[in-house]
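This report concerns only the one structure given below.
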Amino acid sequence: MRVEDIEHTAVIGAGVMGHALAQVFAQSGYEVALMDIDRDVLRWAEGQIQRNVELLREEDLTDLTVKDVLNSIYFTTSQREAARKADFILESVTENMKVKREVISKLEYQAPKHTIFATNTSGLSVTEISEATRSPERVVGCHWWNPPYIMPLVEVIQGENTSPETVQATHGFLKTLGKEPIDVKKEVPGFIWNRLQIAVIREALHLLEEGVASVKDIDRAVKKGYALRSLVVGPFETMDLSSLNLFRAVSANLNPNLSNASEPSRLFEEKIKRGELGVAAGRGFYDYAGRSREEVIRERDRQLMALIKYLGLMP
Ligand SMILES: NC(=O)c1ccc[n+]([C@@H]2O[C@H](COP(=O)([O-])OP(=O)(O)OC[C@H]3O[C@@H](n4cnc5c(N)ncnc54)[C@H](O)[C@@H]3O)[C@@H](O)[C@H]2O)c1
C-alpha cells in the first residue's frame, strides 16, 4: 500500500477521539466514513465537528467551512459499509481488547485486500490486536494526542508483526494530514506520551500527598516552569545544556526520594468516594461551580490554538 493510493478512509468509533479524527481526515481532503454502533453518538459527533470547525475558523486556522468538512464525512452505523472502499481505517472504539479484536477481525473481511488497519489504542498491545486478523502485517498503532484537530503529533507503534511498508505508508498518510509521526519502535505499555504524562502525574500527586505544595502551585510549576522551557528544550537537551555530571549527581540525590508507587495514589479513591470526579462533576482537584465541561474544554482549546498558531505548528 502506497500513500498515493489512499483516497477513501474510515474511522470506527465516533466518541471523544473518533469524531475529531474523521474531521482531521476530511479537512485534508479525504473521503471519510465515520461509523459508530450508537446512532446518538453519530448525531453528537456531527454537532461536535461543526463546533470544532467553527472554532478553527474563529481563530483563523482554517478557510474550510463546516459544510466543506461535513460534505466529506459519511456517518453510518454499518461497519461493512464504512469499510467497503476504505484504503486506511483507524479504529477508535472503546479501550477494550475484546472489542478491538472483534472490530478488526471483521474489518479484515469487509475492507479491500490492501487496506491498512490502524488502532488508536492508548496502551493495549498492538501485536495482540493484530493477531485477531490473518494479515497482522497491515495492523499498526496510531496513537493520537487529544484534541487531534489541534495537537501536531501522532505516535506510530510498530507491533511485532507490523510490516515496514505499513509503517512507511502510515507515516506518509499522517504527513498529508499535516501531522508529525513519532516512532515507537518497541511496543511498551503506555508508549511514550502516556509514560511521560503518568510519571509527572504520579510525582505531582506524591508532592500533594506529602503536603509539599498546593494543587495550584504544582500546576503552576509545570505550566510556567517545566512545560514552558520544555517547549524549547527536551529532557536530553536540558541535560546536555547543564552537564551530565550535574544531572548524574542530582539523580543520585533525588531518585530515592521520588515516588515509585506501583498503585494509583490514595487521593484518587478519596476524591472518587466524594463524587469529585473532575470538570463533568463540577469538582475535582479544582472547583468548577457553574462552568460546564464543554466550556472548560473550549477555553483549553482556544489557548492551545493560540499557542500552536504562534509556534507555527498548525498544518
Ligand atoms: N480520550 C482520549 O483522550 C484519548 C486519547 C488518545 C487515544 N484514545 C483512545 O481512543 C479510543 C477511543 O477513546 P474515546 O475516548 O474516544 O472513547 P469513547 O468512549 O468516547 O468512544 C468510543 C466509541 O466507540 C463506540 N463503539 C464501541 N464499540 C464499537 C463497535 N464495535 N463498533 C463501532 N463503535 C463502537 C462507542 O459507541 C463510543 O462512541 C480508545 O482506544 C482510547 O484509548 C483516547
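The numbering of the sequence shown is my numbering, which starts it at -4 and goes up by one.
Where is the CB? At the ideal position from N, CA and C, for every residue including glycine.
Given the structure is predicted, the values throughout are model-derived calculations rather than measurements.
Subject >> Spatial distance of F112 from S73 (CA atoms) >> reply: Going by the C-alpha atoms only, they are around 17 Å apart.
Original post:
When we look at the beta-carbon of D82 and count the other beta-carbons within 10 Å, is it buried (16 or more) or exposed?
Top reply: By the 16-neighbour rule on beta-carbons within 10 angstroms, D82 is buried.
**OP:** For I44, verify whether its CB is less than 7 Å away from any heavy atom of ligand 1.
**Re:** In this structure, ligand 1 has no non-hydrogen atom nearer than 7 Å to the beta-carbon of I44.
**OP:** Assign F168 to one of two classes, buried (16 or more other C-beta atoms within 10 Å of its C-beta) or exposed (fewer than that).
**Re:** Buried.
**OP:** Using a threshold of 8 Å, state whether the C-beta atoms of F186 and V179 are closer than that.
**Re:** Judged by their CB atoms, F186 and V179 are nearer to each other than the 8 Å cut-off.
Original post:
Beta carbon of Q312: closer than 7 Å to some heavy atom of ligand 1?
Top reply: Only positions -4 to 310 of the chain appear in this structure, which leaves residue 312 out of reach.
**OP:** List the endpoints of the continuous alpha helix (DSSP H) containing H201.
**Re:** It spans 188 to 204 - the alpha helix (DSSP H) in which H201 sits, taken as one unbroken run.
**OP:** Tell me whether the beta-carbon of S87 lies closer than 8 Å to the beta-carbon of G8.
**Re:** Contact: yes.
**OP:** Specify whether the stretch 54 to 66 and the stretch 96 to 104 touch according to this definition: at least 3 beta carbon pairs, one from each stretch, less than 8 Å apart.
**Re:** The stretch 54 to 66, when compared against the stretch 96 to 104, does not touch it at the 8 Å Cβ threshold.
Original post:
Mind checking whether I84 and I303 have CB atoms under 8 Å apart?
Top reply: Between I84 and I303, the CB-CB gap reaches or exceeds 8 Å.
Original post:
What separation, rounded to the nearest whole angstrom, lies between the Cα atoms of R224 and D214?
Top reply: Cα to Cα, the separation comes out at about 15 Å.
Subject >> Any non-hydrogen atom of ligand 1 closer than 7 Å to E182 Cβ >> reply: False, no ligand heavy atom lies under 7 Å from that Cβ.
Subject >> Spatially closest choice to Q105 from V228, V149, R79, H138, by CA coordinates >> reply: Ranking the options by Cα distance to Q105, first place goes to R79.
**OP:** Return the bridge partner residues of I68 from the DSSP annotation.
**Re:** In the DSSP output, where bridge partners are listed per residue, I68 has V27.
Original post:
By how many angstroms is the C-alpha of T114 removed from the C-alpha of M30?
Top reply: Between the alpha carbons of M30 and T114 lies a distance of about 14 Å.
Original post:
According to the Cβ coordinates, are T116 and K93 closer than 8 Å?
Top reply: Between T116 and K93, the CB-CB gap reaches or exceeds 8 Å.
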